[in-house]
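Novice: Take this structure, written in structure tokens, and hold onto it; I'll ask about it next.
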Amino acid sequence: MKTYWGDIHNHCGISYGFGSLENALKTAKEQLDFVSITGHASWYDMPDRKAPLEYLVDFHTEGFAKLEKHWDEVRAVVKSYNVDHEFVTFQGYEAHSSAYGDHHYITPDDDFPIVKGETPLDIINQLRPRRVIAVPHHVGYTPGYRGGNWDNFNPDISPIVEVVSKHGCGLSVNSKLPYYHDMGPRDSRSTVYAAIARKLKVGFVGSTDHHAGYPGSYGDGKMAVVATEKTREGIWEAILARRTYAVTGDKIDCRFTLNDAPMGSTVAATTKREIAVDVTACDQIEKITIFKNLRPWRQVTAFDLQQKSADAVANTTYKVRVEMGWGGDQVGYKWDAQVQINNGQLQSVESCFRGRSVLAPTPELKADPNINALSNAVHEQTDQQVSWSCTTVKNPTTLHPLTAGVILEIAGNEQTKLELQANGIVITTTIGELLQGNVTKHKYAYNSEAVVIHPAIPAYRYTYTGKFVDEQQEDECDVYHVEVEQNNGQCAYLSPIYVE
Ligand SMILES: [Zn+2]
């Protein structure tokens, strides 16, 4: 089975978001294996149109009507982009609910009408016999304020739950990426940990919830499935089986099994539990934590990996991240870049492209179908070189990057040479130098766009394989899940395995 990457919850100009549907789909294809574009369809218990909510109620009402009016067109375009084994699309839309929390409804069936209802089950019942799931999202909000509603949760219609997006991470109130959108803070009662504490069956996924047509935008959340093939049926089967996990940005490749049953499984009661974890990260692994009933049970840290191998630096693979952006350009600074490798071999390239960041309409934002037509693309890739182009804008705050980049996986040694060219900036360096530190260069004299080649990470620091045995039954149902954190702050959240 292989890992495939997707974003099944994001918005564009088909409802109250921005940017064209076509551009959203093209953009998704650049970085993802599958996508669903989920226009906003309804809000059953929307607050009354009273001060100060007039603007909010109006943009929702107009957005729902817009999606409904163009629904046949939207579905036809989404369907036309589905090419099995190349790029997979699902049909879908979103319904808000103050009382039951927001959900997006996803289906592999193209004949998919917009229906409205009070509860997720009401909506699903009207859609049957079509195959459809309701995915709760931004569940961490306060109950009654569009947060998760675990009293009403039904794993038969909701096999997966979105744990991370542009809103932040709703796994627990202590997870990285707290909620700072205008919808409010996280609440312990509605986080995903609260669902696991009730022993509810949930699979983890991430998606961007991007509102300007940039599915897969780096750092805003995405999901992985472990599937037999890159087809609608293959990915759908993996979603229903909860062979899914969430990442914040980097495509951290993970496997997690208990007695050979994959993540998302329920295993029949047994006292001998052999747990295996396999991680290929994109940066230095900071820590891997195996949780049992929400408490850390085993942990592997950068310290343990460091001890593992001093001799593993000679001839191995390295991950080298190139990042570009900064400067003061609000309109968009276009980059054309390439890296040439000598005395080594380029094995893979992962792009980290972002769109202009929009999470909700504001009065000053104007409709622009090309808001995120940024020409972000990897062009040519051989054993020796890669070229790409991307557009970056000024970082909106010092805590919110809008840089772009690529992660290069290079087989080589300390003598392996890298030459980077980007808009006239030239950096020549070696893996040996990059093991000591990074290299930066600026375009102009001051307040300038800049490029950094981050330190090289040898394979033994970004990969981990381990086995553990647990013979201690704690509960009627013991729940194991895994969280992975990299040195650069990017995380992976692996769906639980239940022993009952
Ligand atoms: Zn949404």
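Heads up: the sequence shown begins at 7 in my numbering, then just goes up one per residue. Backbone N, C-alpha and C fix where the C-beta goes; we use that ideal spot for every residue, glycine too.
(1) Is it right to say Thr368 is buried, meaning 16 or more other beta carbons lie within 10 angstroms of its own, or is it exposed?
(2) Under the DSSP definition of a beta bridge, which residues are partnered with Val326?
(3) According to DSSP, Ala140 sits in a beta bridge with which residue or residues?
(4) Within the continuous beta strand (DSSP E) that includes Gln425, where are the two ends?
(5) Identify the residues that DSSP records as bridge partners of His487: which are they?
(6) Check whether the Cβ of Glu506 sits closer than 7 Å to any heavy atom of ligand 1, and report yes or no.
(7) Should Met269 go down as buried or exposed, given a rule of 16 or more other Cβ atoms within 10 Å for buried?
(8) For the beta strand (DSSP E) that Gln351 lies in, which residues bound it at each end?
(9) Are Thr434 and Gln421 closer than 8 Å when you measure CB to CB?
(10) Three Cβ pairs or more, each shorter than 8 Å: is that satisfied between the region 392-404 and the region 241-259?
(11) His385: which of Val412, His187, Thr44, Val432 sits nearest, CA to CA?
(12) Just tell me which of Arg134, Asp335, Gly209 has its CA closest to the CA of Thr398.
(13) According to the neighbour-count rule (16 or more other Cβ atoms, all chains shown, within 10 Å of its Cβ), is Asn160 buried or exposed?
(14) Here's a check: name, in chain order, each residue in its chain whose Cβ is nearer than 6 Å to the Cβ of Pro407, leaving out the five neighbours to either side.
(15) Starting from the N-terminal end, write out each residue whose C-beta falls within a distance shorter than 6 Å of any non-hydrogen atom of ligand 1.
(16) Check each candidate in Ile120, Leu73, Leu183, Ile241 and name the one with the smallest Cα separation from Val89.
(17) Looking only at its own chain, which residues have a Cβ that is under 8 Å from the Cβ of His76, when we skip the five neighbours before and after it?
(18) Nearest-angstrom Cα distance between Lys35 and Gln305?
(19) Are the CB atoms of Asp115 and Gln547 within a distance shorter than 8 Å?
(20) For Glu439, I'd like the list of residues in its chain whose CB is within less than 8 Å of its CB, leaving aside the five on either flank, ordered along the chain.
(21) Taking contact to mean 3 or more Cβ pairs, one atom from each stretch, closer than 8 Å, check whether the region 225-234 and the region 450-469 are in contact.
(22) For the region 248-301, list the beta strand (DSSP E) runs that are entirely contained and at least 3 residues long, ordered along the chain.
(23) Taking only three categories from DSSP, how would you classify Lys207?
(24) Where does Gln312 sit, in a helix, a strand or coil, going by DSSP?
(25) Per the DSSP calculation, His507 is bridged to which residue(s)?
(26) Can you have a look at Asn518 and say buried or exposed, based on whether 16 or more other CB atoms are within 10 angstroms of its CB?
(27) Excluding five sequence neighbours on each side, which residues of the same chain lie with their C-beta closer than 7 Å to the C-beta of Ala244?
(28) Tell me the DSSP bridge mates of Glu168?
(29) Applying the 10 Å Cβ sphere with the 16-neighbour rule, what's the burial state of Pro58?
(30) Rounded to a whole number of angstroms, what is the C-alpha to C-alpha distance between Lys449 and Ile459?
(31) Using only the alpha-carbon positions, how far apart do His173 and His15 sit?
(32) Given this structure, state the Cα-to-Cα distance separating Asn378 from Ile120, to the nearest angstrom.
(33) Going along the chain, which residues of its own chain have a beta-carbon closer than 8 Å to the beta-carbon of Arg136, five neighbours each way excluded?
(34) With distance defined between alpha-carbon atoms, name the residue in Glu100, His91, Ala308 nearest to Glu235.
Specialist: Looking at the coordinates:
(1) exposed
(2) Leu414
(3) Tyr111
(4) Residue 425 is actually Glu in this sequence, not Gln. First-last of the beta strand (DSSP E) with Glu425: 423-428.
(5) Phe297
(6) no
(7) buried
(8) 351-358
(9) no
(10) no
(11) Val412
(12) Asp335
(13) exposed
(14) Asn401
(15) His15, His17, Glu100, Asp215
(16) Ile241
(17) Ile20
(18) 36 Å
(19) A question about residue 547 goes unanswered here, because the residues of the chain that appear run from 7 up to 506.
(20) Val445
(21) no
(22) 250-253, 259-264, 279-286, 291-298
(23) coil
(24) helix
(25) Residue coverage of the chain in this structure runs from 7 to 506, which leaves residue 507 outside it and unanswerable.
(26) Here the chain covers residues 7 to 506 and nothing more, so residue 518 does not appear.
(27) Val231, Val232, Ala233, Thr250
(28) Val211
(29) exposed
(30) 14 Å
(31) 12 Å
(32) 27 Å
(33) Thr113, Asp115, Asp117, Phe118
(34) His91
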